[in-house]
Each structure stands twice: as structure tokens, then as C-alpha cells.
Amino acid sequence: MSHYPETGRSAPIYVYALTRFYIGDSDTVDISITKDGGLPTNALRTGSIIDNEGYFYGCFLRVDELNRRRGMRYGQYRGHLNFADGLSEFTGYTFVKPKSAVLDTRGVRTVTIYPKSTTSSDLKKEVSIGVRWSPGCRKIVWSKGKARNINTGPRLILKTTDDAGLYTIQRPRRAGRGFFVQILVIAATCPANYFYETGKCTESKKECQNGGVLSDNFDICICPPFLTGGLCDCALDRDGEQLYLNYEGTLKCEDLPGGDPKCKGNLVCFGDNYGCKCSSGWWGNACDRDFRGNLNKTERQAFHELRKRDDIVITPADKGSAIVAMGIQFYREEANRLLGNPQHYKLLDSDPTQEITQNVKRVIQKRVSNGSIDRKLGQNLLENDPKLGRFYFLPKIHKEGNPGRPIISGNGTATNKISKFVDLLIQLLV
């Protein structure tokens, strides 16, 4: 993750390599940041671990202004995560560019392209990448990896997955001073809504929501910042305007060196098919433009009034990314119908939360005792105040009668943190 991915010459650059879940101490997990092309030592003002409430979450790098070869501090940065046992390794990346009207990509740093079928490398639809036109575009050239001068002009058309790679757009005589921008084109192995498994492309039954992206090699959704859940349909904890970066709800954007309380200016990169996107609510080359959508003041006020009403329920539809408003009476009747199915639900005489919590504690204590996990991690896997799962449903508007698809949210339950920890490890293995 980088803070203000488009920055001026004198402003310091902050780059972070973070995990979203505590996974060990700094002596058992190695996280580092490097830059393609290297950096002179006099540019590195600070580089240190990010420690929050005694837990290790990663490291950061601060790069100050250079008097000579100013362009060296711009470009692609890489974050590396290695476990001490050598069994798992993960590499991510982020980008920083200089402020320049000629190199305006409209905030695009990565583009993911998909083949039109499992047997073809052609794209279903051609994809255009590049910069917004300006008079200076007459003097720019393109490179892809080590191949130079592959294109001139502001746009490049991608036609096949073979067009994937790291593209550099620059003004030749000024690149050394930082007048260049990079766009990473990621090619998915399989068509959209498919993932690669055991040597073939398999269709996924998931429909990732809220900007989530299906992983390339596993049937999981890679969720945008501050979202979690199997379909990216659950928000991480928040405290008013404060958004938490970690699953434990302790690490905030303002806790990062140079960070902003509202996460303004953060470019978040997860790799895989997700690539890089601004933090929720922000957009633009520097991720500093407030996203308000295309609604005017009157329309936004109408939405605020709807949220205050207690006689309706507003919820996403089961499919199609639609929003549904329904009467509270219909919602209650459908919920009772679903819960009344004895094949799926059973009425209990007492709350089982305490019993489940004790079982979880016993399992974790056993793992700590035999050395499978360290004590800090064991403590972090326990929910402080566990609650019952929350039942809700999403209406199937594509079916007659709009029946609901029942969902049990595990947020805050006794096994909540264990589930999130396993989810993180699976993503690292991918």
C-alpha cells in the first residue's frame, strides 16, 4: 500500500507492507519492501516495523526527496512476506508517480484482462489503456518490460492475454527526473467467473460483491479494503469515520506513519486478479478525491431520509448487484418462513455461545501447549465478547415471489477470528 501514489517532488513517499491479521512476531515472519531499479541510501529516511498494541503487522518505508536522479523514487515498489519455516511466501506491489498533467492515467495503475474462453487467448472485448490526451503526449513513448518504443501516443489497445505485462509511459529526455508512469496489465488464467484448479478452468458458484474479485487460482473472493466475508458482503469493524485495516479492529489508517484518519490517499494493492485500487470512498491519481457518486444534493438527502424509516428494509438482491426496498412486514414473514424449516434450523432451549467458546479455548490452548502456534496468536484468535450469529436473507428478485437466500453472519461469533485467520492463510497460499 502506498500513501498518495501521485506526489510532488518535495513530499515524502510512504510505502507500507501490511497483513490484515496478526500472524506472528517480527522474528518469525519477515516482511520487507524493495523497489524495482533500487534506491540510493540517502533517500531512505525511515524503515521500520508497524507494531500495534504489541502485535506485528508489517513494515513501512519512507523515501524523501532526492537532489539528483529524482526519478529513482518513482515507479513500482514490492512487498515481500516470508514465513520463517520457508513454507509460505507472498509478493505484492504498489506504485508511485509524480504529479504531471501529461501522465494522467485517471487513477489507473493496474488492469486485469480475461480470455474470452478456456481455449483462446483472445479477449472477449478489446481493452484500452493509457493517459489522458494533452499537448505533451506527442513526445511520449511506451515500453513493455525490456522492449522499448513499442508505441507512441496516449492510448494502447490490448487484444490478447499475451499483452499482459508492466508498461512504462515516459517522456524520453525527462524520465530520469520522474516523468514516467507505469501500468501493470494482469492476465487471468481463465475467463471471468472461472478459476484455475487441477489443470483446468472451473466455473465458480460465487458472485463476489461490492467490488470483490474472484481469485485466479482458488474459488475465493479477494475483497476490497475494509470488507470481508465469503462474498465481500461484510464490513470490518469501524468507529464512526475510523476504518480499521486489520481483522482485530485495532489498526487504523491514522496509526500508519504519514497516515490519514479517513484513509485519504491510500492506494491498496492485493495482487492476484484484484490489482490496485484506492481506499473506499476515494479516487483519482493521488486517491485524494472524495467519491460522492453522480447524485445531487436532493437525491442524497432522499437516501438519508430512507435510511431513517423503520417500516422498510433496504438490502442488496441475491444476484445482479441490485438494491431492493421491501416492507418490514414482508421481510419478517419471509424470515419466519425460512427459519421455520425443520430440515435447516432447530429451536434451542438455551444459548450455546458459552459452550462453543469454551470448546474453542480448549482447542487453542492445546495448540499453544504443543507449540503449533505461539501464545500471542492464540490470544488473538479468541473473541473477547462472542455473540450469536446474525441471520438475514437476500431476496431472489429473479424468482417468482422473491424468496430469500438465508445467510448466517459469523461476525463476532466465537469462531469469527479463527475463520478470518484461515481465510488469510488461504489467500497467501494462492
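For the sequence shown, counting from 1, position 394 maps to 394 in UniProt numbering; every step adds exactly one.
Glycine residues also receive a C-beta, built at the ideal position from the N, C-alpha and C atoms.
- One Cα belongs to V324, the other to F330, and the distance between them is close to 12 Å.
- Secondary structure of A17 (DSSP, three-state): strand.
- Annotation: the stretch 112-194 contains the following complete segments of the beta strand (DSSP E) (minimum length 3 residues), in chain order: 115-117, 120-130, 141-144, 147-152, 155-160, 165-170, 180-187.
- In its chain, beyond the 5 residues on either side, K139, I140, F179 have a beta carbon closer than 6 Å to the beta carbon of R171.
- Counting along the chain, L306 sits inside the alpha helix (DSSP H) bounded by residues 297-308.
- With respect to G75, L184 sits apart: the two C-beta atoms are not nearer than 8 Å.
- Assigned with DSSP and collapsed to three states, Y274 falls in coil, not helix or strand.
- For A335, no beta strand (DSSP E) encloses it; the enclosing alpha helix (DSSP H) starts and ends at 328-339.
- For E203, there is no enclosing alpha helix (DSSP H); the enclosing beta strand (DSSP E) covers residues 200-203.
- Looking at the DSSP output, H80 shares a beta bridge with S32, T91.
- Contact between G136 and L156 does not hold, since the beta-carbon distance rounds to 17 Å and is not under 8 Å.
- Taking C-alpha positions only, A317 is separated from E299 by approximately 21 Å.
- Per DSSP, the beta-bridge partners of Y196 are C201.
- Rounded to whole angstroms, the Cβ separation of P98 and R9 is 7 Å, and the two are in contact under 8 Å.
- If you draw a 10 Å sphere on the C-beta of Y14, you find 16 or more other C-beta atoms in it, and that means buried.
- DSSP places R362 in the uninterrupted alpha helix (DSSP H) bounded by 353-369.
- Each residue's CA atom was taken as its position, placing K206 and I220 some 8 Å apart.
- Between the stretch 153-169 and the stretch 191-206, the count of Cβ pairs shorter than 8 Å is below three; the stretches do not touch.
- Around the beta carbon of L231, 16 or more other beta carbons lie within 10 angstroms, which makes this residue buried.
- With distances taken between CA atoms, T160 lies nearest to Y114 out of D374, Y114, K396.
- Selection R390, V96, G165 evaluated against C234 yields R390 as nearest (Cα-Cα).
- For G378, the enclosing alpha helix (DSSP H) starts and ends at 375-380.
- Selection Q358, N266, R307, D423 evaluated against T7 yields N266 as nearest (Cα-Cα).
- Contact check between the stretch 353-372 and the stretch 403-415: three or more CB pairs, one atom from each, fall below 8 Å, which counts as touching.
- For V102 and F95, the gap between their C-alpha atoms comes out near 17 Å.
- Within its own chain, the residues whose Cβ lies closer than 7 Å to the Cβ of T202, once the five positions on either side in sequence are excluded, are Y194, F195, listed in chain order.
- In this structure, the CA atom of F270 is about 16 Å from the CA atom of N82.
- Burial state of W142 is buried, judged by a 10 Å Cβ sphere holding 16 or more other Cβ atoms.
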